[in-house]
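Asks: Residue numbers (the numbering used here): 88 to 544.
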């Protein structure tokens, strides 16, 4: 915006004397709330006692930096001819031109001035420089310019740390730990107004906050729940969020979420004490690779088959991937995935379990599925025939379904392990990680033990 700016009329003289402009630059910022010391007996409640001017710029990543540019003509007799004001914001990695109404030449009458407001969203921490260049016509008709630089520091108010956990072939949980950093500018509280997750196409995100639904007529929240939901943070405090990321489109469900797939990005909207709003983004979040060698790892709902299938497809198409899965495909050319395994079993009661055997290699293989009781846990073993001939399984995703009977001998939480796939043509053995976990509950029935044949060979 501008005021008292006169555009030179047609035919105006170019040799009229010109005054020298005076530049003023100010940052537009809301006042900060005054925080009285604890135990203070000051009972004055006037508004001017609750507000104070900011002691520093206090610019945060995510907010909009707004500056006021004012050019004054202090001369009482001469005008400023063809005045131009150009503003540029230099960040640690880029330079941004800030458009204003003073980019085109205007004349400023004596004892008057023009002004403008420039703004830009701050996206990175570090030193920023506001560069303002003023140009005007001199008395001899030449162009005279001068520049001023205003340096200020931008800090990151929040530190976001994320942890991603896979929960099946097409689902992940993303945990965010948000810390309000202790800095010289963090003199007051900060409110997380909104926490959201922006997933990529084909995925949906849902915030798991654990609070009582407000739509419930009898919903009641404790004081602690209300405080947690408000998102109020003091310097140094931490708040956590949990998001469920799931594939919804048919294509995404069939493909699954493999290691290295982009899940999306978390977005946090925060407010200062006077309502100034800003947004901060987390780093891009990717699906982590499986770790079959970790303790307590099981294949069920781990995404192992999805990772191997995706790596095999990338190998066939010679496409690069964010995660190198060459070792995984070499180790597991064939994967075994349980199909709807039981969550609970009774002792001495045989249970049929189906397994999907997939050939991810580029060659057809004659396979045999073996459940080696010697490698199984003592509380859960195979029952009856412990091997299944699958015949020829076609390459590049060919599959067969095998059925095995399992029986529990003791109560407790047990893992189904000891599964080995054998290529009968080459004799190669492909050991599989533990397939799934199952809880064995109830008292064993001795009468059932007489009718159950346990194979330990």
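Virtual Cβ for every residue (Gly too), placed ideally from N, Cα, C.
Relative to the alpha-carbon of residue 216, which residue among 275, 443, 146 and 230 has its alpha-carbon at the smallest distance?
Replies: It is 146 whose Cα lies nearest to the Cα of residue 216.
Asks: I'd like to confirm the pairing. Which residues does DSSP put opposite residue 207 in its beta bridges?
Replies: Beta-bridge pairing links residue 207 to 152.
Asks: Per the contact definition of three or more C-beta pairs closer than 8 Å, is the segment 469-479 in contact with the segment 423-436?
Replies: No, they do not touch.
Asks: Just curious, the alpha helix (DSSP H) that residue 413 is in, first and last residue?
Replies: Residue 413 -> alpha helix (DSSP H) spans 413-418.
Asks: Closest to residue 508 by C-alpha separation, out of 443, 498, 464 and 413, would be which residue?
Replies: Considering only alpha carbons, the answer is 443.
Asks: Kindly indicate the opening and closing residues of the beta strand (DSSP E) around residue 248.
Replies: It spans 245-253 - the beta strand (DSSP E) in which residue 248 sits, taken as one unbroken run.
Asks: Whole alpha helix (DSSP H) runs in the segment 281-340 with 4 or more residues, listed along the chain?
Replies: Here the runs fully enclosed are 310-317.
Asks: Spatial neighbours of residue 253 within its chain, please: C-beta separation below 6 Å, excluding the five flanking residues on both sides.
Replies: Taken in chain order, the residues that qualify are 259 and 390.
Asks: What's the call for residue 383, buried or exposed, on a 16-neighbour Cβ count within 10 Å?
Replies: The residue in question, residue 383, is exposed, as its Cβ has fewer than 16 Cβ neighbours within 10 Å.
Asks: Using 8 Å as the cut-off, can you tell me whether the segment 367-376 makes contact with the segment 339-347, which would need three or more C-beta pairs spanning the two stretches below that distance?
Replies: Yes, since at least three Cβ pairs between the segment 367-376 and the segment 339-347 fall closer than 8 Å, the two stretches touch.
Asks: Would you check if there are 3 or more beta carbon pairs closer than 8 Å linking the segment 159-169 to the segment 106-115?
Replies: Counting Cβ pairs under 8 Å, three or more are found: they touch.
Asks: In the structure shown, what three-state DSSP assignment does residue 392 receive?
Replies: It is helical.
Asks: Among residues of its own chain, excluding the 5 on either side of residue 293, which ones have a beta-carbon nearer than 6 Å to its beta-carbon?
Replies: Hits under 6 Å: 331.
Asks: Out of 329, 355 and 290, point me to the one whose CA is closest to residue 338's CA.
Replies: The option with the nearest alpha carbon to residue 338 is 290.
Asks: Can you give me the C-alpha to C-alpha distance between residue 546 and residue 488, rounded to a whole angstrom?
Replies: Missing from the structure shown is residue 546; the chain here goes from 88 to 544 and no further.
Asks: With DSSP as the reference, label residue 98 as helix, strand or coil.
Replies: Reliability fails at residue 98, whose pLDDT of 42 lies under 50, so the model's placement of it is uncertain and no value is given.
Asks: Looking at the secondary structure, which residues open and close the beta strand (DSSP E) in which residue 194 lies?
Replies: That run of the beta strand (DSSP E) goes 193-195.
Asks: Taking one C-beta from the segment 319-335 and one from the segment 256-270 each time, how about it: are there three or more such pairs within less than 8 Å?
Replies: Yes, since at least three Cβ pairs between the segment 319-335 and the segment 256-270 fall closer than 8 Å, the two stretches touch.
Asks: Okay, do the segment 184-199 and the segment 226-240 touch, 3+ Cβ pairs below 8 Å being the bar?
Replies: No, they do not touch.
Asks: By the three-class DSSP mapping on this structure, what secondary structure does residue 398 have?
Replies: Correct three-state label for residue 398: helix.
Asks: For residue 417, count the other beta carbons within 10 Å of its own beta carbon; 16 or more makes it buried, fewer makes it exposed. Which is it?
Replies: Classification for residue 417: exposed.
Asks: Should residue 520 and residue 386 be called a contact, given that it needs their Cβ atoms to be closer than 9 Å?
Replies: Yes. Within cutoff.
Asks: So, does the segment 479-487 touch the segment 521-528, judging by three or more C-beta pairs under 8 Å?
Replies: The segment 479-487, when compared against the segment 521-528, does not touch it at the 8 Å Cβ threshold.
Asks: Is it right to say residue 176 is buried, meaning 16 or more other beta carbons lie within 10 angstroms of its own, or is it exposed?
Replies: When all chains shown are included, residue 176 counts as buried.
Asks: Cα-Cα, which of 251, 160, 220 and 255 is closest to residue 392?
Replies: The shortest C-alpha separation from residue 392 is found at 255.
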